[in-house]
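Residue numbers (my numbering): 1 to 401.
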Ligand SMILES: Cc1cc2nc3c(=O)[nH]c(=O)nc-3n(C[C@H](O)[C@H](O)[C@H](O)COP(=O)(O)O)c2cc1C
């Protein structure tokens, strides 16, 4: 989606400046053309030469050092770029931008550009919380610029706090969805998706539960892929270790019962429901209020069947397009076709979780997509992101028929 996009990356003088080399590399990998400008302070942390090699363009550092006598370079870059990314953004450049100061190449070009401006602050946690920075942040947002929240974690200063430069992978991801927000003509614009993800937890007592190996990665990738095609996505997640994708509405749940409630709250308005979560088939009949104490006896736990979310939706559906997942270890095609019919789903994505590159808690998957009145579509081993994109393409194809 960044293919051919002209992006100006402005690197400023923070310790995270070295990470912007990776950011530039990733933007180019996604198909963007990138030109880089650096403040004088940024060149203390990483050399312009590195960015020149990565971007395959001259790097702008000095407003009076014209690269091309036919152009004024800061106006050229301002007009050339379709997006400006300030990453990392120091407290200083945020202050200057918020006040319209133009005293070097980066600030002057940022004042001259009409491209949308995407800012990625990274700084010491106290600098971030300083009243002046808070004021400047607010002003920049009021001026229509987008600011990505910094991460919280271990800072270069040697202590924990908010202010870390987000992972370049997440920045690229957020830039993509930021650009999508203004695009109205995508295949899923106006469609409401509900995606479930993760393995549900069925509590035995306040500290113990029954769960499964699902990481939630497949569901999150599907939510992102649907969002990237313009859908309005609600992610009902039982996974607590993945970052909420930008622009996706998140509903966090624990148990199969909670997931049932959350999904049915969205059911009427939903156009497409993708059940990628590994929902427990059983839940303890009794949940102890206090921690179950060890005794000399064996312990018997009685399990009750949980409500089958997909099958219930299959019975209740009016206009909704239902996608289920079948994680099997044998006779995959047989079970998947059976599930398609029995649950009245429109599509079943089957994976053989006994295969080394497929299924729970992996970054890759290998699936077969079964849908009513269609030949199965085999999706060979690839990343979950790519598998998700293929599934969403198949949903779009099937819905447009
Ligand atoms: C070792 C070191 C690390 C720094 N890291 C940051 C940082 O992460 N964020 C920040 O806002 N300023 C940081 N600064 C301060 C900026 O470099 C300083 O404010 C500078 O004037 C910023 O200039 P610029 O905004 O033109 O790039 C750091 C300074 C030093 C010496």
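Glycine included, C-beta positions come from ideal geometry on N, C-alpha and C.
Supposed close pair residue i, residue j - CB separation, criterion 8 Å
{"i": "residue 27", "j": "residue 34", "result": "5 Å"}
{"i": "residue 123", "j": "residue 163", "result": "5 Å"}
{"i": "residue 368", "j": "residue 384", "result": "Contact flag wrong, Cβ pair sits at about 15 Å."}
{"i": "residue 256", "j": "residue 325", "result": "About 15 Å separates the two Cβ atoms, so there is no contact after all."}
{"i": "residue 260", "j": "residue 309", "result": "5 Å"}
{"i": "residue 350", "j": "residue 336", "result": "4 Å"}
{"i": "residue 117", "j": "residue 76", "result": "With 8 Å as the limit, residue 117 and residue 76 do not qualify as a contact, their Cβ atoms being about 17 Å apart."}
{"i": "residue 301", "j": "residue 204", "result": "7 Å"}
Rounded separation between residue i and residue j - CA only
{"i": "residue 56", "j": "residue 195", "result": "40 Å"}
{"i": "residue 245", "j": "residue 211", "result": "23 Å"}
{"i": "residue 400", "j": "residue 3", "result": "25 Å"}
{"i": "residue 47", "j": "residue 200", "result": "48 Å"}
{"i": "residue 150", "j": "residue 315", "result": "45 Å"}
{"i": "residue 229", "j": "residue 126", "result": "39 Å"}
{"i": "residue 225", "j": "residue 389", "result": "5 Å"}
{"i": "residue 45", "j": "residue 61", "result": "13 Å"}
{"i": "residue 232", "j": "residue 186", "result": "11 Å"}
{"i": "residue 273", "j": "residue 305", "result": "22 Å"}
{"i": "residue 97", "j": "residue 42", "result": "16 Å"}
{"i": "residue 240", "j": "residue 249", "result": "15 Å"}
{"i": "residue 143", "j": "residue 101", "result": "14 Å"}
{"i": "residue 179", "j": "residue 192", "result": "19 Å"}
{"i": "residue 347", "j": "residue 279", "result": "18 Å"}
Residues near residue i in its chain [Cβ-Cβ closer than 8 Å; skip 5 each side]
{"i": "residue 115", "result": "8, 78, 81, 82, 83 and 84"}
Residue i burial status per 10 Å Cβ neighbour count (16 or more: buried)
{"i": "residue 206", "result": "exposed"}
{"i": "residue 99", "result": "exposed"}
{"i": "residue 375", "result": "exposed"}
{"i": "residue 234", "result": "buried"}
{"i": "residue 141", "result": "exposed"}
{"i": "residue 14", "result": "buried"}
{"i": "residue 295", "result": "exposed"}
{"i": "residue 156", "result": "exposed"}
{"i": "residue 70", "result": "exposed"}
{"i": "residue 39", "result": "buried"}
{"i": "residue 153", "result": "exposed"}
{"i": "residue 16", "result": "buried"}
Residues near residue i by beta carbon distance below 7 Å, same chain, minus five either side
{"i": "residue 74", "result": "63, 105, 108, 109 and 112"}
{"i": "residue 168", "result": "19, 22, 23 and 26"}
Below-9 Å beta-carbon distance, residue i vs any chain D residue
{"i": "residue 33", "result": "This model lacks chain D altogether; it includes just one protein chain."}
Same chain, Cβ closer than 6 Å to residue i, neighbours up to 5 away in sequence not counted
{"i": "residue 242", "result": "216 and 220"}
{"i": "residue 52", "result": "59"}
{"i": "residue 285", "result": "302 and 304"}
Fully enclosed by the segment 283–347, which beta strand (DSSP E) runs are 3 residues long or longer?
Segments of the beta strand (DSSP E) lying fully in the segment 283–347: 303–305 and 321–328.
Tell me the start and end of each unbroken beta strand (DSSP E) in the segment 1–29 that is at least 3 residues and wholly inside, in chain order.
6–11
Hey, which unbroken runs of the beta strand (DSSP E) at 3 residues or more fall wholly within the segment 75–155?
83–89, 117–121 and 151–154
Please go through the segment 157–216 and give each complete beta strand (DSSP E) segment of 3 or more residues, from N-terminal end onward.
160–164, 192–197, 202–205 and 208–210
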